[in-house]
Structure formats: structure tokens, C-alpha cells
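Engineer:
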Amino acid sequence: MKNMMFAFGFSIISSYCVAGGGFSVGNGGDIIRCPILESYLSLDFVLVSTSKSKVANVESKEESFNRIGNILEKNIPELAGSYRNFTKLIFNENDLSQYYIWNQVSNLPDIQDEEFLNIPGVCGLPSYGPADMHQAVIREFVRTALYPLGQVTFSYDPQAIALLKNDPLQLSFLFTHEWLWNIALDAKANRAINYFLHSKEIDKLSVSEVRSRLKAFGAVIN
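Using the working numbering, you'd call the opening residue of the sequence shown number 1084 and step up by one each time.
#1: Could you check whether the segment 1244 to 1259 touches the segment 1138 to 1154, counting it as contact only if at least three pairs of C-beta atoms, one from each stretch, sit closer than 8 Å?
#2: Could you tell me the alpha carbon to alpha carbon distance between Ala1270 and Gly1233, rounded to whole angstroms?
#3: Check whether the segment 1126 to 1141 and the segment 1241 to 1250 are in contact - that is, three or more C-beta pairs closer than 8 Å.
#4: Please classify Leu1179 as buried or exposed, where buried requires at least 16 neighbouring CB atoms within 10 angstroms.
#5: Quick one: residues in its chain with C-beta nearer than 7 Å to the C-beta of Ala1163, no 5 flanking neighbours on either side, listed in chain order?
#6: Measure the CB-CB distance between Asn1175 and Tyr1166 and report whether it falls below 8 Å.
#7: When burial is assigned at 16 or more other CB atoms within 10 Å of the CB, is Ile1304 buried or exposed?
#8: On a CA-only basis, which of Ile1119, Trp1185, Ser1282 and Asp1240 is nearest Asp1127? Give me that one, please.
#9: Using the C-alpha atoms, what's the distance from Phe1279 back to Phe1237?
#10: Check each candidate in Ser1289, Ser1295 and Lys1287 and name the one with the smallest Cα separation from Ile1276.
#11: How is the beta strand (DSSP E) around Glu1223 delimited, first residue to last?
#12: What's the C-alpha gap between Leu1124 and Leu1191?
#13: Let me confirm a value: Val1290 is counted as buried when at least 16 other C-beta atoms fall within 10 Å, else exposed. Which label applies?
#14: How many angstroms separate the CA atom of Cys1117 from the CA atom of Lys1287?
#15: So, Val1131 versus Arg1274, is the Cβ gap smaller than 8 Å?
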């Protein structure tokens, strides 16, 4: 990855890159070091969050996954099973019959898929030094006999993901980002939906309000 100052750009992957029987899509999960906070955060959280007090408090990523699963069961039940299945299969490297497969790869290449963006708030202040970016996950569809339309394979850098090991909320943001590519129209929609699912606000809304908000963000749901 590269060092970034306050403003930096990523180009959108406009076409599939076919290699080794699969095709990579613009679905990379990124981690960024916020210099002033001296901590690592999910890129989605940095770009969308205005305050950590507005997101749910969780003690583990599993607690966050379960909370989001319950939110989906209440508001969008047709997606709840998909999300819960995804979270159960995180780091599944052995059961190749499953839809989601994970492979460890050190030093993942930067696929530059997050669209042009500026790092907002204190994390983007150049006076505190560069905000180091790490590609943590790359999602790829691989056509197999069992899944002729494409099996989802995640290449992940365990060292990059370990940077978030002490922050379950950030881990939840990172992994939920990957599942959201099942329903998100683009990177901007993915980030907005991800933050909304992790927010305290969603707990106060009616089913119709939640569904309406998700559609407005760019979620492909009925």
C-alpha cells in the first residue's frame, strides 16, 4: 500500500480483471492508520463516522455480528440468513463446498477500488503525518463446477487484520463491508449502509423507515 496525505485518490476499477479462472471486483476491504489517534481503523468507519458515540457499543465482533443479524431479521428477514452464514464462514479455508472461501495472502496488492476520496476529520490532518493504508481483504468470484456462476473467495492479509484485533467494532466494520457487496450498488453505498447497520439510530426506526433508508443509501432490496 502507499502512504497518503490529507487528499488522495483511488481510481475505480471499471472492468473485471480476469486471472486464474476468477475475476476480481472493486471490493477491497481497507484499514487505515489514524496518526493523531495512533490507532488503526476500518476505512468505512473513518469516511462515514462523525462520532464513535453514535455507533453501537460491542465487546466482541461476534456480539456485533449477532446484533446486525437481529436487525436484519427484524427489518429485512430475507437477508438475515445470508449475513449469518457469511459471518460463520469468516476464515473458512478448508470446506471448499461452501460459498465463501478465505485464503491467507501476505502483502495484498492495492486494487485501488474505493473511488476518489478525502480523509475527513482529525485522521486527515497532514501535520500529524501520513495516514498509512493497508489492503486487508480482496474479494474475488471464482467459477467452479459446484458454483458455475461464481464462488466467493476472499484473499486476506492476516497481519493487516491483526491491526484491528483489539477493536471488535472496527473488525465488524471490515467484515460486514465484504458481505455488503451482495446488496450495495457501489463503494459509497457500501460505506453508508455499513455505518447505518452499526449505528444506534437504526434501533429506533420502524421497519419501513429502515428499509426506506437502506434503499436511499443504495441497497438492492425489494
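Note that the Cβ used here is the ideal one computed from N, Cα and C, for glycine as well.
Structural biologist: Taking the geometry as given:
#1: yes
#2: Going from the Cα of Ala1270 to the Cα of Gly1233 covers about 21 Å.
#3: no
#4: By the Cβ neighbour-count rule, Leu1179 is exposed, with fewer than 16 other Cβ atoms within 10 Å of its own.
#5: Gly1152, Leu1155 and Glu1156, listed in sequence order.
#6: no
#7: exposed
#8: Ser1282
#9: 24 Å
#10: Looking only at Ser1289, Ser1295 and Lys1287, the smallest Cα-Cα distance to Ile1276 is reached by Ser1295.
#11: Met1216 to Val1225
#12: Cα-Cα distance, rounded: 18 Å.
#13: exposed
#14: 31 Å
#15: yes
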